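Trainee: Have a look at the structure that comes next, please.
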Amino acid sequence: MALPHPELSTPHAKIVLARSSLARGMLEFQLRNRDHLAPWGVAHSDSYYTEAYWITSFRQAVRDWDEGRAVRLLLLDPEHASRVIGTISYSNIVRGVFQACHLGYSIDAKHEGKGQMRQALKTTNDFMFQRLKLHRIQANYQPHNDRSARLLSRLGFTIEGKASRYLFLDGEWRDHVLTSLINPDFKPEYILG
Numbered sequence: 003m004a005l006p007h008p009e010l011s012t013p014h015a016k017i018v019l020a021r022s023s024l025a026r027g028m029l030e031f032q033l034r035n036r037d038h039l040a041p042w043g044v045a046h047s048d049s050y051y052t053e054a055y056w057i058t059s060f061r062q063a064v065r066d067w068d069e070g071r072a073v074r075l076l077l078l079d080p081e082h083a084s085r086v087i088g089t090i091s092y093s094n095i096v097r098g099v100f101q102a103c104h105l106g107y108s109i110d111a112k113h114e115g116k117g118q119m120r121q122a123l124k125t126t127n128d129f130m131f132q133r134l135k136l137h138r139i140q141a142n143y144q145p146h147n148d149r150s151a152r153l154l155s156r157l158g159f160t161i162e163g164k165a166s167r168y169l170f171l172d173g174e175w176r177d178h179v180l181t182s183l184i185n186p187d188f189k190p191e192y193i194l195g
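Read in order, the letters of the sequence shown correspond to residues 3 to 195 in this note's numbering.
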């Protein structure tokens, strides 16, 4: 049986599981931030910028949550409940002897540099460690992405190395810095059940 959908909050955002009723808000977020997010993401087809795309994507997000594969969260403006101001995704959740996932995130250009993503990630990382009992969260960033480097460092992520030609972004293979955050309270019985 799946856990209840997460509903978290910080002083500047309500954090909820992505769901189809928020597809319009996500589309508006993507359209507002198309140029802002372009250097860090993959090239998208025109269908990505439709409400139908996000309805389908968010239905999959709920299935992924229910099956324990991923946690795709939206940061909502606390004063405008359907206005998406950021995203946080914990994907590729692997259990067994690994107990880890990958982290990705984005924030609205108007909210960047205000500490809001740091607050949100602190809250959601704690959720992943305490409620989902993961051992490790991995996050990777392009070497010239100084904002992500500082953010992850402030959150306690440590650099583990560099991967050459790691992801195909913005039309070419990009190097990435590999980081991780380890759950200091992880217990072996989490693996044993």
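From the three backbone atoms N, C-alpha and C, an ideal C-beta is built for every residue, glycine too. Being a predicted model, the structure only gives us computed values, none of them experimental.
Quick check on Met3: buried or exposed, where buried means 16 or more other Cβ atoms within 10 Å of its Cβ?
Mentor: Here residue 3 corresponds to residue number 1 of the sequence shown, with the count starting at 1. Note that Met3 has pLDDT 44, beneath the 50 cutoff, so the model's placement of it is unreliable and no number is given.
Trainee: Can you have a look at Gly70 and say buried or exposed, based on whether 16 or more other CB atoms are within 10 angstroms of its CB?
Mentor: Counting from 1 along the sequence shown, the entry for residue 70 is found at position 68. Flag for Gly70 reads exposed.
Trainee: So, under 8 Å CB-CB, Arg138 and Gln101 are touching, yes? Tell me the CB distance rounded to an integer number of Å.
Mentor: Counting from one through the sequence shown, the residue named residue 138 turns up at place 136. Counting from one through the sequence shown, the residue named residue 101 turns up at place 99. So it is a contact: roughly 7 Å between Cβ atoms.
Trainee: Does DSSP put Met3 in a helix, a strand or coil?
Mentor: Indexing the sequence shown from 1 puts residue 3 at position 1. Confidence at Met3 is low in this model, with a pLDDT of 44, below 50, so its placement is unreliable and no value can be given for it.
Trainee: Would you tell me roughly how many angstroms separate the C-alpha atoms of Cys103 and Asn94, rounded to the nearest one?
Mentor: Reading the sequence shown from its first residue, position 101 is the one you call residue 103. Reading the sequence shown from its first residue, position 92 is the one you call residue 94. One C-alpha to the other measures close to 5 Å.
Trainee: I'd like to check one pair, His146 with Ala165: are the Cβ atoms closer than 8 Å?
Mentor: Position 163 of the sequence shown, counted from the start, is the residue given in the question as residue 165. Position 144 of the sequence shown, counted from the start, is the residue given in the question as residue 146. Cβ distance not < 8 Å, so Ala165 and His146 don't count as in contact.
Trainee: Gln78 bridges to which residues according to DSSP?
Mentor: Indexing the sequence shown from 1 puts residue 78 at position 76. Before going on, a small fix: residue 78 reads as Leu here, not Gln. Bridge partners of Leu78: Lys16 and Val86.
Trainee: Assuming Val64 and Leu19 make a contact with CB atoms under 8 Å, what is their CB distance in whole Å?
Mentor: In the sequence shown, residue 64 corresponds to position 62, counting from 1. In the sequence shown, residue 19 corresponds to position 17, counting from 1. Contact holds; Cβ gap of about 7 Å.
Trainee: Is it buried or exposed, Ile90, if we count other Cβ atoms within 10 angstroms and call 16 or more buried?
Mentor: Locating residue 90 in the sequence shown gives position 88, where the first residue counts as 1. Around the C-beta of Ile90, 16 or more other C-beta atoms lie within 10 Å, and the residue is accordingly described as buried.
Trainee: What is the DSSP secondary structure of Phe170, counted as helix, strand or coil?
Mentor: What you label residue 170 is simply residue 168 of the sequence shown in a count that begins at 1. In the structure shown, Phe170 sits in a strand (DSSP, three-state: E or B).
Trainee: Output the distance between the C-alpha atoms of Tyr55 and Ser47, rounded to the nearest integer angstrom.
Mentor: Here residue 55 refers to the residue found at position 53 when the sequence shown is read from its first residue. Here residue 47 refers to the residue found at position 45 when the sequence shown is read from its first residue. Between Tyr55 and Ser47, the C-alpha separation is close to 11 Å.
Trainee: Go through its chain and collect everything with a Cβ distance to Leu77's Cβ below 6 Å, but skip five positions before and after it.
Mentor: On the sequence shown, residue 77 is found 75 positions in, with the first residue counted as 1. Around Leu77: Ala15, Ile17, Ile87, Gly88 and Ala122.
Trainee: Going by Cα to Cα distance, which pick from Asp110, His38, Val73 and Arg133 is closest to Lys189?
Mentor: If you number the sequence shown from 1, residue 189 lands on position 187. Ranking the options by Cα distance to Lys189, first place goes to Arg133.
Trainee: Please specify which runs of the beta strand (DSSP E), each continuous and at least 3 residues long, are wholly inside the stretch 100-179, giving them in chain order.
Mentor: Fully enclosed beta strand (DSSP E) runs of 3 or longer: 102-109, 138-143 and 160-171.
Trainee: Just reading off the alpha helix (DSSP H) that Tyr55 is part of, what are its end residues?
Mentor: Residue mapping note: residue 55 aligns to position 53 of the sequence shown, counting from 1. Per DSSP, Tyr55 belongs to the alpha helix (DSSP H) from Glu53 to Asp68.
Trainee: Nearest-angstrom Cα distance between Ile203 and Arg34?
Mentor: Since the displayed the chain opens at 3 and closes at 195, residue 203 lies outside it and no answer follows.
Trainee: Given Val184, which residues of its chain have a CB within under 6 Å of its CB, disregarding the five upstream and five downstream residues?
Mentor: Position 182 of the sequence shown, counted from the start, is the residue given in the question as residue 184. A small fix is needed here, since residue 184 is Ile in this sequence, not Val. Closer than 6 Å at Cβ, skipping near neighbours: Arg138.
Trainee: Decide if Ala83 is buried, meaning its Cβ has at least 16 other Cβ atoms within 10 Å, or exposed.
Mentor: As a working mapping, residue 83 is identified with position 81 in the sequence shown. By the neighbour-count rule (16 or more Cβ atoms within 10 Å), Ala83 is not buried but exposed.
Trainee: How long is the line joining the alpha carbons of Pro8 and Trp175, rounded to whole angstroms?
Mentor: If you number the sequence shown from 1, residue 8 lands on position 6. If you number the sequence shown from 1, residue 175 lands on position 173. Using only the alpha carbons, I get a separation of about 35 Å.
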